[in-house]
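Contents: one structure, followed by commentary.
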Amino acid sequence: MEILITRHGQTDWNLQRKLQGRADIELNHTGIEQAKIAKEELVNEKIDLIICSPLKRARQTADIINEGRNIPIIIDERISERDFGEFEGKNRNEFSFEDFWSYKKAENYEKAEKIQDFFERIYNFLDDIKEKYKDKRILIVAHGGVSIPFRCYFEGIPDIENLTGLGLKNCEVRKYVF
Numbered sequence: 062m063e064i065l066i067t068r069h070g071q072t073d074w075n076l077q078r079k080l081q082g083r084a085d086i087e088l089n090h091t092g093i094e095q096a097k098i099a100k101e102e103l104v105n106e107k108i109d110l111i112i113c114s115p116l117k118r119a120r121q122t123a124d125i126i127n128e129g130r131n132i133p134i135i136i137d138e139r140i141s142e143r144d145f146g147e148f149e150g151k152n153r154n155e156f157s158f159e160d161f162w163s164y165k166k167a168e169n170y171e172k173a174e175k176i177q178d179f180f181e182r183i184y185n186f187l188d189d190i191k192e193k194y195k196d197k198r199i200l201i202v203a204h205g206g207v208s209i210p211f212r213c214y215f216e217g218i219p220d221i222e223n224l225t226g227l228g229l230k231n232c233e234v235r236k237y238v239f
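Below, the structure written as structure tokens:
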């Protein structure tokens, strides 16, 4: 089984460096163009199934990539972005963004999803699709935050303080093999 994962295209909140966890923000013009480029990069890839986050920015990206291909798309809540709770819509410099993405510090927040809970959600999703789609080649269309536990699932959690450097850029594609 092979998994391709891509992050949605750019949004205005990405440009403003605002956290947009569960905020349902649409792609901007650049994001639409990035999705079209990703579509071209993936045109010769055999893809049996697309699993997509329910958030607009991911769905728009998946729809653009899928234009003319008619690959079945499954929407799965488990690959929604991390719930940023009280930090939703804030700029990264308005709080300790580094601590928020530290697996070692394991901060507890009033509303935001704890990093260990987030990782468990993504790991459970991966365990599930590994069983359900053993012989398939799947494209996952999700979020930068989601791409972090994806990478850690396959490569292990590195011994670093801040995991944000592990995430995908907008419409970057990464491949993993089970």
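Okay, so the sequence shown: first residue is 62 according to the working numbering, each after it adds one.
Beta carbons are placed, not taken as given, at the ideal position from N, Cα and C, and that holds for glycine.
Quantities reported herein were computed from a predicted structural model and do not represent experimental measurements.
- By the CB criterion at 8 Å, V207 and E155 fall outside the cutoff.
- In chain order, N152 and R153 place their CB closer than 7 Å to the CB of R78, counting only its own chain and leaving out the 5 sequence neighbours on each side.
- Under the criterion of beta carbons closer than 8 Å, E147 and A123 do not qualify as touching, at roughly 29 Å.
- Among the bridge pairs identified by DSSP, R68 is matched with A203.
- Secondary structure within the region 67-143: the alpha helix (DSSP H) runs of 4 or more consecutive residues, fully enclosed, are 73-76, 90-103 and 117-127 (chain order).
- Excluding five sequence positions before and after Q81, the CB atoms of its chain that fall closer than 6 Å to its own CB belong to W74, given in chain order.
- The straight-line gap separating the alpha-carbon atoms of F179 and D144 is approximately 8 Å.
- Assigned with DSSP and collapsed to three states, K191 falls in helix.
- From the listed residues Y237, T67 and Y164, the smallest Cα separation to E216 is found for Y237.
- Residues of the same chain with a CB within less than 8 Å of the CB of E63, apart from the 5 flanking positions on each side, are R198, I199, K236, Y237, V238 and F239 in chain order.
- According to the DSSP assignment, E159 belongs to the alpha helix (DSSP H) that extends over F158 to F161.
- Under the DSSP assignment, Y237 falls in the beta strand (DSSP E) whose first and last residues are V234 to V238.
- Less than 8 Å separates the beta-carbon of L65 from that of E106.
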